[in-house]
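Take any residue in the sequence shown, note its place counting from 1, add 114, and you have its number in the numbering used here.
Ideal placement from N, C-alpha and C gives every residue a C-beta, glycine not left out.
In this text the structure is predicted, and so the values were computed from the model without any measurement.
All remarks here apply to the structure that follows.
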Amino acid sequence: MPEIVYLPKEKYKGTPVPLDYRNDSYYDLEISPMNENGCTVSLVRKPTEAFEANHHDTLYQEYWENPEAYGIVDEHGKVLACIEITPEEWSNRLLVTELWVSKDLRGKGMGKRLMDKAKEIAANQKRRAVILETQSCNTDAIGFYLHEGFELIGFDTCCYTNDDIGKKEVRLNLGYFFHREPRRW
């Protein structure tokens with residue numbers, strides 16, 4: 115089993131994180147107009163034409179405060195899987211900013227091991243939660259996060275464009291809480 119190692123900023127800053135995925139479903143978000151009585155929100159998984167998403171990011175972006183990255187590297191130091199985390203001090207949560215596993219390592223428990231590393235760090239730092247962002251069209255990732263004990267904590271319908279719902283790519287915020295049973299909505 116490959117070892118998870120710390121990826122120092124001096125060496126790994128700017129390392130590409132290719133967040134490519136392919137799906138044939140998405141979570142459709144429907145929100146009724148809000149009035150003085152409230153509104154209803156529905157998030158339902160629906161089939162869609164197969165599509166590929168190609169988002170590329172890098173480790174240690176300047177806008178994160180005190181990020182740390184951990185990963186699995188080959189004998190040449192090439193990153194094969196990684197997780198990047200950063201503390202959100204004001205709310206005492208740990209934010210997962212990146213989670214990526216190369217295609218060759220997927221389905222072998224590497225994502226779980228990396229997420230367990232983030233949970234361990236959060237517990238050692240006495241954080242109250244681990245939080246992250248994903249997209250409503252990244253159903254495989256959502257399934258993984260739910261399996262890892264995360265739950266929906268919010269969404270943003272205009273994070274990426276002014277028509278995220280129409281484009282089937284709504285920002286979903288998920289959270290893993292320590293010392294609390296997951297909510298059963």
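{"Check": "Have a look at Leu-286 and Tyr-141 and give me their C-alpha separation to the nearest angstrom.", "Outcome": "10 Å"}
{"Check": "My understanding is that Tyr-126 touches Tyr-174, with C-beta atoms under 8 Å, so please give their C-beta distance in whole angstroms.", "Outcome": "7 Å"}
{"Check": "Closer than 7 Å by C-beta to Glu-212: which residues in its own chain qualify, once you throw out the five before and the five after it? Chain order, please.", "Outcome": "Val-131, Asp-171, Leu-173, Cys-196, Ile-197 and Glu-198"}
{"Check": "Any contact between the stretch 263-283 and the stretch 237-252? By contact I mean 3 or more CB pairs, one from each, below 8 Å.", "Outcome": "yes"}
{"Check": "Taking only three categories from DSSP, how would you classify Leu-213?", "Outcome": "strand"}
{"Check": "Just to confirm before moving on: does the CB-CB distance between Leu-219 and His-169 stay below 7 Å?", "Outcome": "no"}
{"Check": "Between which two residues does the beta strand (DSSP E) holding Gly-128 run?", "Outcome": "Taken as a continuous stretch (DSSP letters only), Gly-128 belongs to no beta strand (DSSP E), as it is neither H nor E."}
{"Check": "Under 7 Å between the Cβ atoms of Leu-194 and Thr-200?", "Outcome": "no"}
{"Check": "From the DSSP output, read off the bridge partner residues of Arg-159.", "Outcome": "Tyr-141"}
{"Check": "Run through DSSP, which three-state label would Leu-152 get?", "Outcome": "The identity of residue 152 in the sequence shown is Gly, whereas the question assumes Leu. In this structure, Gly-152 counts as strand in the three-state DSSP scheme."}
{"Check": "Kindly give me the distance between the Cβ atoms of Leu-288 and Phe-264, rounded to whole angstroms, as I take these residues to be in contact under 8 Å.", "Outcome": "4 Å"}
{"Check": "Leaving out the 5 sequence neighbours to the left and right, which residues in its chain are closer than 7 Å to Phe-269 when beta-carbon positions are compared?", "Outcome": "Leu-143, Val-284, Arg-285, Leu-286 and Asn-287"}
{"Check": "Using alpha carbons as the reference points, say which of Lys-160, Leu-157 and Phe-165 lies closest to Arg-136.", "Outcome": "Phe-165"}
{"Check": "Taking DSSP's pairing of strands, which residues face Phe-165 in a bridge?", "Outcome": "Asn-137"}
{"Check": "Looking at C-alpha atoms only, which residue of Lys-192, Thr-154 and Met-148 is the closest neighbour of Tyr-120?", "Outcome": "Lys-192"}
{"Check": "Rounded to whole angstroms, what is the Cα-Cα separation between Thr-271 and Pro-147?", "Outcome": "14 Å"}
{"Check": "Let me check understanding here. Comparing Cα to Cα, which of Arg-294, Ser-139, Pro-116 and Glu-124 lies closest to Gly-257?", "Outcome": "Ser-139"}
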